[in-house]
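2 protein chains.
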Amino acid sequence: MTDVIEQAGNGERKGERTRRRILEAGRRVFGEVGYDRATIRAIAAEAQVDKSSVIQYFGTKEQLFREALDLRINVDALTVEGDPAASAERYLRAMLERWAAAPDSPMAVLLRTSLTSEEAADLLRRHITAEAIDRIAFHLEGPDPRLRAALAGAVMFGITFHRHLLRTPDLAGAPLDDVLRLAVPLIHELLASPPATATQEP
Amino acid sequence: MTDVIEQAGNGERKGERTRRRILEAGRRVFGEVGYDRATIRAIAAEAQVDKSSVIQYFGTKEQLFREALDLRINVDALTVEGDPAASAERYLRAMLERWAAAPDSPMAVLLRTSLTSEEAADLLRRHITAEAIDRIAFHLEGPDPRLRAALAGAVMFGITFHRHLLRTPDLAGAPLDDVLRLAVPLIHELLASPPATATQEP
DNA sequence: CGGAAAAATGTACAGCCGTTGAGTTTTGTT
DNA sequence: AACAAAACTCAACGGCTGTACATTTTTCCG
């Protein structure tokens, strides 16, 4: 009679569980070796699942990659509010701490891949522009707000990259507080100060 | 049975020529798509040579990659001499101009690959430490010279990365002089100023 | 010339990859 | 217990890769 198949029952269906495990395994493997070197077979093994299941749940490797990423890279705690310069330290500290805690985060995945995939590069560019530059620039006064915001992002990114991705010894080995003490003033200077001594007309 | 085969003749043997062409094609392709996505067949096509010749001259893909890289990434013009702070602008300007002129340089290759190959990461780390941090830190006074040098490198790298590798619009589209006007003071601050309260600048 | 060394090519192979479709086991409802 | 749907696994295919070997073409000196 009833052909409607509705099942709530317990908290999580079996399928949901393995789907989640594949997704997590995908994040781990993609994060470690990037898109190209990551194989469906390796992800399946990591998730203790047959390789076919990966396809069954996600259709294609690229789709799995996409879903492994978009679980909001949103940097909720990183939103800039109030005085932009005052939040510089919060911002950079959160960025560094977050990356230290989860080196294989979606962000790392995206970064690793962005250098060899134009599509991933586009995604990353868009994300940085929308989530960071737009928000920061919105609060800035003075000339070239977007460029200054972009530079601030680039500076923070460069530090994070060297410390956590490339692991340059001098940066990776330094205490977080030392890094912040030296780096935060730079961000301050970029965001807070009107850099020109006076308004000059060409 | 074979005597010593010595032939000098003209300035460049035929073999040398194609060997060089393969090397150049390798640099181009590796620089564009990174190690993984680069195929021997594509490199051979780019060099207008049979795929077998690539193997014949370089033995293996990895060996070709190695040779395509090591042609000194040396940044001769980037050496830091004299006042470190004074050379900051020269340094960053040279870095940005160089990269703009040759986006597929060995450095780009190395960077692209360093994110997915531990070996390439090692090479890059070593290069940055030896060529940049060591030299800069040598001229620095005040506390934490190595950390400050590493941070300066990270800052310049971050800007270069966003401008030329990722091409974030706000940074890629800005005039070089604007970027330098905003960025150079940051490097100055890192390299010249003793950040602690102990001493004051003259 | 002529013939040998050097250079360039064509062919083939084994390996790994993503993906497929058919088959088997597990799950949940009646 | 019976049975259908969902979940999972197995075996295989075709495509692309790096590489090895045998062969042909080019170069060059007597």
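Residue numbers (my numbering), protein chains in the order written: chain A, 898 to 1099; chain F, 898 to 1099.
Ideal Cβ placement from N, Cα and C applies to all residues, glycine included.
What you are looking at is a predicted structure, and each value in this text was computed from that prediction instead of being measured.
Chain F places a beta carbon closer than 7 Å to that of A/V930, counting this residue as a contact.
Considering only F/F962, F/R917, F/L1087 and F/I1030, the residue with the shortest C-alpha distance to F/V930 is F/F962. Within the segment 1021-1055 of chain A, contact with chain F at the beta-carbon level (separation under 9 Å) is assigned to L1021, R1022, I1025, T1026, I1030, A1034, D1041, R1043, L1044, R1045, A1046, A1047, L1048, G1050, A1051, V1052, M1053, F1054 and G1055. Taking 7 Å as the CB threshold, A/H1059 lines the interface with chain F. F/D1041 counts as buried, since at least 16 other C-beta atoms from the protein chains shown sit within 10 angstroms of its C-beta. In this structure, the CA atom of A/D1067 is about 44 Å from the CA atom of A/G956. Closest in alpha carbon position to A/L1037, among A/H1059, A/R1078, A/L1087 and A/S1014, is A/L1087.
When secondary structure is reduced to three states using DSSP, F/A1071 falls in the coil class, being assigned neither helix nor strand. If you draw a straight line from the Cα of F/A944 to the Cα of A/L993, it is about 44 Å long. Using beta-carbon distances, F/L1079 counts as an interface residue toward chain A, with a partner under 7 Å. Cβ proximity to chain A below 8 Å picks out L1008, R1009, S1011, L1012 and T1013 from the segment 986-1014 of chain F. In chain order, I937, R938 and A941 place their CB closer than 6 Å to the CB of F/K948, counting only its own chain and leaving out the 5 sequence neighbours on each side. Beta-carbon to beta-carbon, A/G928 and A/A998 are separated by about 13 Å, too far to satisfy the 8 Å threshold. A contact between stretches requires three or more CB pairs, one per stretch, nearer than 8 Å, and the segment 1026-1033 of chain A fails this requirement with the segment 1022-1037 of chain F. No Cβ of chain F is located within less than 7 Å of the beta carbon of A/T957.
Judged by DSSP secondary structure, A/Q953 falls within the alpha helix (DSSP H) whose first and last residues are K948 to F955. When the five nearest sequence neighbours on each side are left out, the beta carbons in the same chain lying within less than 7 Å of the beta carbon of A/R1009 are those of G931, in order along the chain. Looking from the CA of A/L966, the closest CA among A/R925, A/R934, A/Y954 and A/A985 belongs to A/R925. Residues of chain F whose Cβ lies closer than 8 Å to the Cβ of A/D1075 are, in chain order, D1041 and L1044. For A/F1058, there is no enclosing alpha helix (DSSP H), as DSSP marks it with neither H nor E. In this structure, the straight-line span from the alpha carbon of F/T1013 to that of F/R990 is close to 29 Å. In the DSSP assignment, F/P1003 falls within the alpha helix (DSSP H) that extends over P1003 to S1011.
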